[in-house]
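Asker: Below you will find the structure I want to go over with you.
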Amino acid sequence: MVKTIRDRLRCRRTAVLLASAMAAQAASAAGTAPHLETRDGRTALFVDGAPFLILGAQANNSSNYPAVLPRVWPALEDMHANTLEIPVAWEQIEPIEGRFDFGYVDTLLAQAREHGKRLVLLWFGTWKNTGPSYAPEWVKFDNRRFPRMVDRDGKASYCLSPFGEQTLAADRKAFVALMSHLAQVDGSRHTVIMMQVENEVGTYGLVRDFGPKAQAAFDRPVPAEVLARQPAPVKRAASGTWREVYGDYADEYFHAWAIASYIEQVASAGRKVLDLPMYVNNALRDAVEPLAPWHSNFASGGPTYDVIGVYKAAAPHIDIAGPDLYNPASAQIEATLARFQRPDNPLWVPEMSQAPGYGRIVYEVLGRGALGIAPFGIDYTNYSNFPLGAKDAARPALVEPFAASYAVFGSMGSLWARWALEGRTHGVGEGDDRQDQTIALGPWSATVSFQEWQFGEKSWPGHPTEVPPGTEKPSGGVAIAQVGPDEFVITGQHARVRIAPAQAMPPGHGAMFARVEEGRFDPSGHWVMERNWNGDQTDWGLNFTAAPVILKVRMGRY
Ligand code: DGJ
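So the sequence shown is numbered by the working numbering: it starts at 11 and just counts up by one.
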């Protein structure tokens, strides 16, 4: 076909328009890159422009290879997880210095998209469970270029020093290479929604580095931004050296500052090329015992609850310090969640044991308004990290504690994340004491009780002493979103929920259920009622069994 000049001009104009439309589209895709939004001290993760609830699953430590991925995805499917957390190891992307290989990353991205899953990538760099095991061999065995920490006598620790300038430069370079690659292959797709920088940092057995560079920094004044964010547990000098300000806590706080400053360099350089939310995870210190200076009882320098302020000051490009929950004591879990959830530190549980007792924690964590949660060791490689995690790592036992609650939350994930941002959500997990728990809901109060049959009262004479199957150990959990003054969306497992006025009503007046609809939210977020609970189903409170459902409850007064 012969084109006239006018045709050609029209074509060129169309091409220009198309190009600028594509550029605008790319810009808007970039504009909707995964990011955090904070309102009134609460934060949500936005993915593709909408609040996103991470129903995560973390693969085992050595599942980060293409040959293993086929054993990872079925576990996520069975669990109804929407996000895979998986390592990208420094040793695998840069086995030879300066030569990068992103073959695994590309396979992972392609398969994640095929399976409709998002990714949180775990950068196993200088520190993985505090050690350098995932650093390339050219790093971990060259103490001259990449120094280890030393103790007071100059004896080397297993842990690489946060004062190693070449270590930092090399880790940062590799991380930037990874982020640049992601920017190219995923910048507008948003398969990767968040990055973890390093893994469970800190040092066991040594409170800090005593090498000459570290010692010189320790003797200098505490930086002003640290003074502003990190109060001293025991009030001393308002400024001065670490020892003068933080006394017996100085070594640990200084080490936290050194590691956080290192991580900041890595994270900020990475975010310059691809600005994704970034976080660090933490091997916890005891959250219940009274705070005391480090005495070899946890990894010094990690983002434990007592030094979150140090991390905020030293690592502004790290959005979150998240707790790894591996102590099943309910008092520990509750105290840990309370300490990590702060207006400047959104709650995000990047790791949790996948042992059966942790199923109930999903309700507590998501009810608290967390960005999400991710049990660890979720794949069918038949690796069991018992006694930390589940004994039975086979399909489907491994994922059973989470599959049902994940399916329920998954059906209303974006709504739930929005309600959490608006401060409407609440949650409880059954305590080790099996006692009732109450949830304040403005003019209403919910009482949650456990080990209840669906019918009748424990107080009845002759009530069975036998407990419902599945409730022999603490297993109950409830999450409630208050969607209107008298209206609630409730889900739970192995629990009974009663709702009553928070204040006693005048004589002759009372309250009762107006509607208790069981149903689901359709993909556009509209409620679809399936049936209305009444009679036996409401006379003894709202009873959730092992199979959670969603109830939309409206209370009325007379
Ligand atoms: C916590 C670590 O972050 C994980 O990588 C893993 O080592 C678990 N502990 C133990 O299975």
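In this text, a Cβ means the ideal position worked out from N, Cα and C, and glycines have one as well.
1. Give the list of continuous alpha helix (DSSP H) stretches no shorter than 4 residues that lie fully inside the region 98-140.
2. From residue 540 to residue 460, what does the alpha carbon distance come to, in whole angstroms?
3. Could you tell me which whole beta strand (DSSP E) segments of length 3 or greater appear in the region 305-365?
4. What are the residues that DSSP puts in a beta bridge with residue 459?
5. For the beta strand (DSSP E) containing residue 593, list its first residue and its last residue.
6. Would you give the residue range spanned by the alpha helix (DSSP H) that residue 252 belongs to?
7. Quick one: is the Cβ of residue 210 within less than 6 Å of any heavy atom of the ligand DGJ?
8. Leaving out five residues on either side along the sequence, give the residues of the same chain with a beta carbon under 6 Å from the beta carbon of residue 319.
9. Decide if residue 431 is buried, meaning its Cβ has at least 16 other Cβ atoms within 10 Å, or exposed.
10. Flag this pair as yes or no: are the beta carbons of residue 360 and residue 384 separated by less than 7 Å?
11. Measuring only from the beta carbon, is residue 395 closer than 6 Å to any heavy atom that is part of the ligand MN?
12. Hey, out of 116, 73, 111, 104, whose CA is closest to residue 97's CA?
13. Per DSSP, which one or two residues make a beta bridge with residue 48?
14. Return helix, strand or coil for residue 401, following the three-state DSSP convention.
15. I'd like to know if the region 115-126 and the region 183-202 are in contact, where contact means that at least 3 CB-CB pairs between them fall below 8 Å.
16. Alpha carbons only, please: which of 290, 214, 304 is nearest the one belonging to residue 257?
17. Quick one: is the Cβ of residue 337 within less than 6 Å of any heavy atom of the ligand DGJ?
18. At which residues does the alpha helix (DSSP H) containing residue 388 begin and terminate?
19. Taking the alpha-carbon of residue 487 as reference, which of 440, 352, 436 has the nearest alpha-carbon?
20. Note down, one range per segment and in chain order, each alpha helix (DSSP H) of at least 4 residues found wholly within the region 204-238.
21. Look up residue 472 in the DSSP assignment and say whether it is helix, strand or coil.
22. I'd like to check one pair, residue 213 with residue 277: are the Cβ atoms closer than 7 Å?
23. Could you check where the alpha helix (DSSP H) with residue 419 kicks off and where it finishes?
24. Taking 7 Å as the threshold (C-beta atoms), are residue 153 and residue 393 in contact?
25. Excluding five sequence neighbours on each side, which residues of the same chain lie with their C-beta closer than 8 Å to the C-beta of residue 93?
26. Would you grab the beta carbon distance between residue 373 and residue 489 for me? Rounded to a whole angstrom, and I think it's under 8 Å.
27. Taking C-alpha atoms, which residue in 179, 100, 547, 535 lies nearest to residue 60?
28. Just curious, the beta strand (DSSP E) that residue 65 is in, first and last residue?
29. Which stretch, first to last residue, makes up the alpha helix (DSSP H) that contains residue 574?
30. Give me, in chain order, the residues of the same chain whose beta-carbon lies closer than 7 Å to that of residue 260; leave out the 5 immediate sequence neighbours on both sides.
31. How many Å lie between residue 481 and residue 380 at the Cα?
32. Would you list the residues sitting across from residue 538 in a DSSP beta bridge?
33. Please check the pair residue 334 and residue 365, which I expect to be a contact at CB under 8 Å, by giving their CB distance rounded to whole angstroms.
Answerer: A quick look at the data gives this:
1. 100-103, 113-124
2. Position 530 of the sequence shown, counted from the start, is the residue given in the question as residue 540. Position 450 of the sequence shown, counted from the start, is the residue given in the question as residue 460. If you take the alpha carbons of residue 540 and residue 460, they lie about 26 Å apart.
3. 330-335, 359-362
4. The residue labelled residue 459 in the question sits at position 449 within the sequence shown. For residue 459, which the question treats as bridged, DSSP gives the partners 506.
5. Nothing can be reported for residue 593, as the shown portion of the chain is limited to 11 through 568.
6. If you number the sequence shown from 1, residue 252 lands on position 242. Run containing residue 252: 252-256, per the alpha helix (DSSP H) assignment.
7. Your numbering for residue 210 matches position 200 in the sequence shown. Yes, the beta carbon of residue 210 sits closer than 6 Å to at least one heavy atom of the ligand DGJ.
8. If you number the sequence shown from 1, residue 319 lands on position 309. Result list for residue 319: 239, 240, in chain order.
9. Here residue 431 refers to the residue found at position 421 when the sequence shown is read from its first residue. When all chains shown are included, residue 431 counts as buried.
10. Here the question's residue 360 lines up with position 350 in the sequence shown. Here the question's residue 384 lines up with position 374 in the sequence shown. Yes. Within cutoff.
11. Among the ligands in the structure shown, the ligand MN does not appear; only the ligand DGJ can be found there.
12. Within the sequence shown, residue 97 is the residue found at index 87, counting from 1. For the residues 116, 73, 111, 104, the minimum Cα distance to residue 97 belongs to 73.
13. As a working mapping, residue 48 is identified with position 38 in the sequence shown. Residue 48 is bridged to 53.
14. The residue you call residue 401 lines up with position 391 of the sequence shown. Three-state DSSP puts residue 401 in coil, outside helix and strand.
15. yes
16. Here residue 257 corresponds to residue number 247 of the sequence shown, with the count starting at 1. Considering only alpha carbons, the answer is 304.
17. Mapped onto the sequence shown, residue 337 falls at position 327. Checking the Cβ of residue 337 against the ligand DGJ gives no.
18. As a first step, residue 388 must be located in the sequence shown, where it is residue number 378. Careful: residue 388 lies outside any alpha helix (DSSP H) and carries neither H nor E.
19. Here residue 487 refers to the residue found at position 477 when the sequence shown is read from its first residue. With distances taken between Cα atoms, residue 487 lies closest to 440.
20. Taking only runs of at least 4 residues, the alpha helix (DSSP H) segments lying wholly in the region 204-238 are 222-228.
21. Indexing the sequence shown from 1 puts residue 472 at position 462. Reduced to three states, the DSSP call for residue 472 is coil.
22. The count along the sequence shown starts at 1 and reaches residue 277 at position 267. The count along the sequence shown starts at 1 and reaches residue 213 at position 203. Cβ distance not < 7 Å, so residue 277 and residue 213 don't count as in contact.
23. By 1-based counting over the sequence shown, the position of residue 419 is 409. Taken as a continuous stretch (DSSP letters only), the alpha helix (DSSP H) holding residue 419 covers 410-420.
24. As a working note, residue 393 is residue 383 in the sequence shown. As a working note, residue 153 is residue 143 in the sequence shown. The answer is no: Cβ separation not under 7 Å.
25. For the purposes of this step, residue 93 is taken as the residue at position 83 of the sequence shown. Result list for residue 93: 64, 65, 66, 67, 127, 128, 129, 130, 203, 382, 384, in chain order.
26. For the purposes of this step, residue 373 is identified with residue 363 of the sequence shown, where counting begins at 1. For the purposes of this step, residue 489 is identified with residue 479 of the sequence shown, where counting begins at 1. Right, the Cβ-Cβ distance comes to about 4 Å (below 8 Å), so this counts as a contact.
27. Along the sequence shown, read from residue 1 onward, the residue named residue 60 stands at position 50. That would be 535, whose Cα lies nearest to the Cα of residue 60.
28. Counted from its first residue, the sequence shown places residue 65 at position 55. 64-68 is the extent of the beta strand (DSSP E) around residue 65.
29. No statement about residue 574 is possible, as the shown extent of the chain runs from 11 to 568 and does not include it.
30. On the sequence shown, residue 260 is found 250 positions in, with the first residue counted as 1. Excluding residues within five positions, the ones whose Cβ falls inside 7 Å are 252, 253.
31. Indexing the sequence shown from 1 puts residue 481 at position 471. Indexing the sequence shown from 1 puts residue 380 at position 370. C-alpha separation (whole angstroms): 26 Å.
32. As a working note, residue 538 is residue 528 in the sequence shown. Paired residues: 530.
33. Indexing the sequence shown from 1 puts residue 334 at position 324. Indexing the sequence shown from 1 puts residue 365 at position 355. Going by Cβ atoms, the distance from residue 334 to residue 365 rounds to 14 Å, so no, they are not a contact pair.
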